[in-house]
Amino acid sequence: MVPVQEGPLPVEAIQNYAIERLDLGIEELNRVLGGGLVPGTMVLLAGDPGIGKSTLLLQAAAKAAGQWPGVWYVTGEESVQQVKLRATRMGCNPANLWLWAQTDMDQILARMAEDQPSLVIIDSIQTMFTSELESTPGSVGQIRECTAKLALLAKGLHIPVIIVGHVTKEGSIAGPRVLEHMVDTVLYFEGERHYPYRILRAVKNRFGSTFEIGVFEMCDQGLQQVLNPSVAFLAERPTAAPGSVIAGCMEGTRPMLAEVQALVSPSTLAQPRRVVNGTDYNRVNMILAVLEKRVGLKLGNQDIYVNIAGGIRLQEPAMDLPIAMAVASSFKNRPAREDMAIMGEIGLAGEVRPVSYPEKRAAEAAKLGLTRILAPRGTRAKIKTSGIEILEAGTLIELLALGLEKKEKYTSLMSDA
C-alpha cells in the first residue's frame, strides 16, 4: 500500500530526493538489507520460534537508537519489563530506545503519526489487531489489514518499519500469501537450534540484492556477528578424514569456505538410506546418479549421508564438485588432498563446468592458508591470487584422480596419526 495521488504525473515532473539509509549499526544486517534501511520501507523478518528474531531486532533497535532519535520497539508478545530484562542482559539500554507493549494497531498508528519516530519494530504482526474487523488477532483478515494500514502510514511519513512474522511448521510465513507482496523486503532467519550459527537471508528486496547473507553466532550476550564465516565453519574440521572436503562457495558477493561431509556404508535395507542436511536433496541424488553412470561407483546398495557442517544451508551449483568428491572419498575410503578447496558444477554427461567469481573464492582460500584449488578447466586464467596451485579437471573422473590421495600416501598418513 502506498499514498495515492489525484492523477498520473510525467516522470520528469517527479522530484528526486536524497535517500539516506538508516544505519542499524550491525554490519551483517546492513549487508543483507543493501546498506541499511530505506526511509518508508517495510521489512518482514520471519523465522522458526526461538531462532533469535526478537534478539536480533532488539539489538538492532538499540544500535539505531544510539544514533537516531525515537526508535520504537512495540511488542505484542511480552511485557515491557520482560523486554527490559532481555535488553539489560544484552547491554542494550540507550536513552532513545522506547519500549511499548501494545496490540491495537489503530493506537500504534495514531501515535506514530503524532510522534513520527525514526524506526518502528513490531513484534509480531500476528499479535496485532484493528477494531475495524471483528476477527481475532492472527487471522488472515487482521494480518492483511494491519499490514496495509502500517505500510500506508510508513510510506507517507517515510518511517522505516520492521515487522516480525511467525512461520508454520512447514517453514512458510503464517498468514496470507499477500503479506509478502505488501512489504518491500522479506528476510528469513534460519539455522539449526542445536548449533550456534544463524543465517539471515533476503528472499525479496526492492532496495538491494537477494543474494547476500548475514552470519551470526548465538551466545549468552545475544547474537554476535561472524565477520569471517570461513574460519568458524572450518574450525573443527578433521585432517586426513575420508568423506571430508572443503567447498569454495559464494553467497551473493561474499566468498565462503565450508566443510562438506559424506558417509557411505553398505546398506542392509531393501531401500538404501539417503539423508541430506544443509543442501538440496534432489541435487544430491542427481550427483549420485552421475557418479554411478559416468564414474562407475556402485552406490545403489549403499547408505549415503551428506552434511554441511555447522548447521548452515548452501545450495549454489558450485557445491556439486565438493559433494561428489566427499561421496567418492568416503566410498573409496581415501581422503581428499590436504589444504585444498573444491568448486565447480557437474553436468549430466559427467563434465565439470566453471562457476562465477573464481578469483574471490581463491582469495578466500589463500586467506585461510589453503594452497590448492581444484576447479573446472579454464579456471587458472581467471585467478591471479599468488601462492595457490590451480588443479584443473574437465570431467568428474579427472577430478577424482586429481583430488583423492593415493592409497600409499593415505596409509602413511594413518600410520603417522
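Letter 329 of the sequence shown, counting from 1, is numbered 340 in the working numbering, and no numbers are missing.
Cβ atoms here follow ideal geometry from the backbone N, Cα and C, with glycine treated the same way.
Beta-carbon proximity of residue i to residue j, cut-off 8 Å
i, j, result
"residue 33", "residue 79", "yes"
"residue 241", "residue 379", "yes"
"residue 49", "residue 173", "no"
"residue 333", "residue 366", "no"
"residue 215", "residue 197", "yes"
"residue 306", "residue 357", "no"
"residue 361", "residue 324", "no"
"residue 123", "residue 184", "no"
"residue 101", "residue 311", "no"
"residue 132", "residue 67", "no"
"residue 405", "residue 377", "no"
"residue 273", "residue 178", "no"
"residue 416", "residue 348", "yes"
"residue 291", "residue 235", "no"
Residue i to residue j span [Cα, whole Å]
i, j, result
"residue 387", "residue 403", "5 Å"
"residue 146", "residue 152", "7 Å"
"residue 407", "residue 260", "18 Å"
"residue 364", "residue 346", "23 Å"
"residue 47", "residue 219", "9 Å"
"residue 281", "residue 314", "11 Å"
"residue 206", "residue 125", "43 Å"
"residue 355", "residue 45", "28 Å"
"residue 18", "residue 127", "27 Å"
"residue 165", "residue 411", "56 Å"
"residue 340", "residue 389", "24 Å"
"residue 298", "residue 318", "14 Å"
"residue 413", "residue 394", "19 Å"
"residue 116", "residue 81", "18 Å"
"residue 457", "residue 277", "The structure shown does not extend to residue 457, since the chain spans only 12 to 428, so no value can be given for it."
"residue 268", "residue 245", "7 Å"
"residue 71", "residue 112", "18 Å"
"residue 230", "residue 150", "34 Å"
For residue j and residue i, believed in contact at Cβ under 8 Å, the rounded distance
i, j, result
"residue 295", "residue 287", "5 Å"
"residue 350", "residue 382", "5 Å"
"residue 208", "residue 243", "7 Å"
"residue 237", "residue 222", "Between residue 222 and residue 237 the Cβ distance is about 18 Å, and since that is not below 8 Å, they are no contact."
"residue 161", "residue 120", "7 Å"
CB contact check: residue i to chain B, cutoff 8 Å
i, result
"residue 331", "Absent here is chain B; the protein component of the structure consists of one chain."
Cβ neighbours of residue i in the same chain (closer than 6 Å, five flanking residues each side left out)
i, result
"residue 175", "56, 64, 134 and 135"
"residue 266", "371, 372 and 375"
"residue 110", "84, 91 and 94"
"residue 77", "105"
"residue 368", "261"
"residue 157", "116, 139 and 141"
Simplified DSSP assignment, three categories, for residue i
i, result
"residue 444", "Since the displayed the chain opens at 12 and closes at 428, residue 444 lies outside it and no answer follows."
"residue 319", "strand"
"residue 345", "coil"
"residue 209", "strand"
"residue 191", "helix"
"residue 264", "coil"
"residue 170", "coil"
"residue 140", "strand"
"residue 362", "strand"
"residue 294", "helix"
"residue 251", "coil"
"residue 287", "strand"
"residue 49", "coil"
"residue 387", "strand"
"residue 350", "coil"
"residue 242", "helix"
"residue 60", "coil"
"residue 326", "coil"
"residue 34", "coil"
"residue 19", "coil"
"residue 231", "coil"
"residue 276", "strand"
"residue 398", "coil"
Own chain partners of residue i with C-beta closer than 8 Å, once the 5 adjacent residues on each side are dropped
i, result
"residue 30", "49 and 50"
"residue 443", "With the chain represented from 12 up to 428, any question about residue 443 goes unanswered, as that position is not in the structure."
"residue 148", "87, 114, 137, 138, 139 and 140"
"residue 22", "none"
"residue 204", "59, 61 and 62"
"residue 155", "186, 187, 189, 190 and 193"
"residue 400", "382, 383 and 384"
Own chain, CB closer than 7 Å to residue i, minus 5 neighbours either side, in chain order
i, result
"residue 225", "39, 40, 42, 43 and 211"
"residue 436", "Residue 436 is absent from the model: the chain starts at 12 and stops at 428."
"residue 74", "35, 36 and 37"
"residue 335", "298, 302, 357 and 407"
"residue 359", "301"
"residue 202", "62, 208, 209, 210 and 322"
beta-carbon residue i near the ligand COA non-hydrogen atom, thresh 7 Å
i, result
"residue 215", "Within the structure as shown, the ligand COA is missing, as the structure has no ligands at all."
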